[in-house]
Amino acid sequence: MVKIGINGFGRIGRLVTRAAAKSGKVEVVAINDPFIDLDYMVYMFKYDSTHGVWNHSEVKQEGGKLVIGKLHITVFHERDPTAIKWGEAGADYVVESTGVFTTIDKASAHLQGGAKRVIISAPSADAPMFVMGVNHEKYDNSLKVVSNASCTTNCLAPIAKVINDNFGIVEGLMSTVHAVTATQKTVDGPSGKQWRDGRGASQNIIPASTGAAKAVGKVIPELNGKLTGMAFRVPTPNVSVVDLTVRLEKAAPYEEIKRVIKEASKGPMKGILGYTEDQVVSTDFNGDKRSSIFDAGAGIALNDHFVKLVSWYVSRPSPPSWRSTLNVYSSSHLHTHTHTHTHTHTHTHTHTHTHTKKIYVVILSVYIHYKDSFLSLPLP
């Protein structure tokens, strides 16, 4: 059983906890949040405006712990991550979901409290980034701190990989039409340097910056410098969509592009990349388990070298979805004597069993942009 601690009981932290409580593969043993008391944690976990009421088990506080069914979770209220006693609570891995400690140096503070690994649920300036189905097999067990990038990168990267592997990408621009985030304003208010970010979220389509396209270059090095992009924040509560416009090296009719993406969705990227030809809209994907769902009918081609591809993704993932919230990935380099055992279910995951000892690395795939984090911890 993978035992994790969660730093930040905001949007990401709560959904990770929901997913873990249902999975049977991951046990949350500790949560740290200096701004949410235990009674409020019970309430916030139980009620969710997007995914509904938690009715899978009893949720309560007991003996100073957050109790979810059979889980008895130790709760900390530390502002300084070096003061969190993860080791004493039994947490081997820490999910850093505050959106604040996103560099190796800052996230490494959790190691001082006894954690063995840290997984940042946001893009990072210097931590190695991994996207399931794209580059997760390159994980090196020597890495103590890793990032799972953002929801948008997890949508874009699988599509970009399939296209680049089959036809080559010369260059491209991405736009994401993105659901509202927790940092947006309900009504017009002050917003630092990015004045448009301060406009009312429910009243406007708001152009915004995103590093998701550039981050693809970190998980697919051959695309580094070839992609960039922007976002449009729109007044919907969940589900976003990527519009990727690329120039191809190798000529490819749109029907051929559809074919290779469909094949990938049934093969190596099953459970990660989806494919649909239905006349769908955003709400049809609420709670979808996959990282990226290619919309074959929405894309267009100017010619065989210049195409626009459209793919949906869930920016508020469904807690029951194993794929959309947690993937347990075990490095095959841990021991020389290993047995690989792969399962494929409705919610897909991959892990390797060792005969001597089970050592896991927990890779987050929550697909929530780091700015969605409810919690903002002060820097240490």
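The numbering used here applies: residue 1323 is where the sequence shown begins, and numbers increase by one.
Just so it is clear, CB atoms sit at the ideal spot from N, CA and C, and this is done for glycine as well.
Segment contact flag, the region 1562 to 1574 with the region 1503 to 1515, C-beta cutoff 8 Å, min 3 pairs: no
So, does the region 1463 to 1479 touch the region 1523 to 1538, judging by three or more C-beta pairs under 8 Å? Cβ pair count under 8 Å is three or more, so yes.
Whose C-alpha, out of Asp1487, Ala1431 and Val1417, is nearest the C-alpha of Ser1469? Residue Val1417 is the option with its Cα nearest to Ser1469.
Using CA atoms only, rank isn't needed, just tell me which of Lys1382, His1399 and Phe1398 is closest to Lys1728. There is simply no residue 1728 to check, as the chain begins at 1323 and stops at 1702 in what is shown.
How far does the beta strand (DSSP E) with Gly1596 in it reach, from first residue to last? Leu1595 to Thr1598
Burial state of Asp1617, where buried means 16 or more other Cβ atoms lie within 10 Å: buried
Quick check: the region 1452 to 1461 against the region 1517 to 1529, are at least 3 beta-carbon pairs closer than 8 Å? no
For Asp1519, tell me which candidate among Lys1540, Phe1554, Met1496 and Val1492 has the shortest Cα-Cα distance. Phe1554
Rounded C-beta distance between Glu1544 and Asn1488? I'm assuming under 8 Å. No, Glu1544 and Asn1488 are not in contact; Cβ-Cβ is about 13 Å, not under 8 Å.
Three-way DSSP call (helix, strand, coil) for Ser1637 in this model: coil
Can you tell me whether DSSP reads Gly1494 as helix, strand or coil? DSSP places Gly1494 in the strand class (E or B) of the three-state scheme.
Who does Thr1550 pair with in a DSSP beta bridge? In the DSSP output, where bridge partners are listed per residue, Thr1550 has Leu1495.
State buried or exposed for Gly1514, treating a residue as buried only when at least 16 other CB atoms are found within 10 Å of its CB. exposed
Spatial distance of Phe1398 from Phe1452 (CA atoms): 28 Å
For Ile1622, does the three-state DSSP call read helix, strand or coil? strand
Whose CA, out of Ile1615, Glu1380, Thr1503 and Gly1539, lies closest to the CA of Pro1450? Gly1539
Could you tell me if Met1363 is buried or exposed, where buried requires 16 or more neighbouring beta carbons within 10 angstroms of its beta carbon? Buried is the call here.
Would you check if the region 1495 to 1507 and the region 1605 to 1623 touch, i.e. whether three or more CB-CB distances between them fall below 8 Å? no
At a cut-off of 7 Å, would you count Gly1539 as near the ligand GDP, judging by its Cβ distance to the nearest heavy atom? The ligand content of the structure shown is nil, which means the ligand GDP is not present either.
With which residues is Thr1396 paired in a DSSP beta bridge? Ala1352 and Lys1387
According to DSSP, is Asp1427 part of a helix, a strand, or is it coil? helix
Just how far apart, CA to CA, sit Val1467 and Asp1565? 31 Å
Pull up the distance between the alpha-carbon of Gly1405 and that of Gly1330, whole angstroms please. The sequence as given places Ala at residue 1405; Gly does not occur at that position. Ala1405 and Gly1330: Cα-Cα distance of roughly 14 Å.
Does the beta carbon of Asn1463 sit closer than 8 Å to a beta carbon anywhere in chain C? In the structure shown, chain C cannot be found, because there is only a single protein chain.
As assigned by DSSP and simplified to three states, the class of His1378: coil
Cβ neighbour criterion (16 or more within 10 Å) applied to Val1338: buried
DSSP-derived helix/strand/coil call for Leu1570: strand
Just to confirm my understanding: we take Ala1429, look at its own chain, exclude 5 residues before and 5 after, and list those with CB closer than 6 Å. What are they? Glu1418, Phe1423, Val1440, Ile1442 and Val1467
Check whether the Cβ atoms of Glu1400 and Pro1356 sit closer than 8 Å, and answer yes or no. yes
Just to confirm the assignment, what range does the beta strand (DSSP E) spanning Ile1441 have? Looking at the DSSP string, the run of the beta strand (DSSP E) that includes Ile1441 is Arg1439 to Ile1442.
Closest to Ser1379 by CA distance: which of Thr1372, Met1552 and Ala1342 is it? Comparing Cα positions, the closest option is Ala1342.
Give every residue of the same chain whose Cβ lies closer than 6 Å to the Cβ of Tyr1455, excluding the five residues on either side of it in the sequence, and list them in chain order. What sits at residue 1455 in the sequence shown is Gly, not Tyr. If we look at Gly1455 and ignore the five residues flanking it on each side, its Cβ neighbours are Pro1480, Met1591 and Ile1594.
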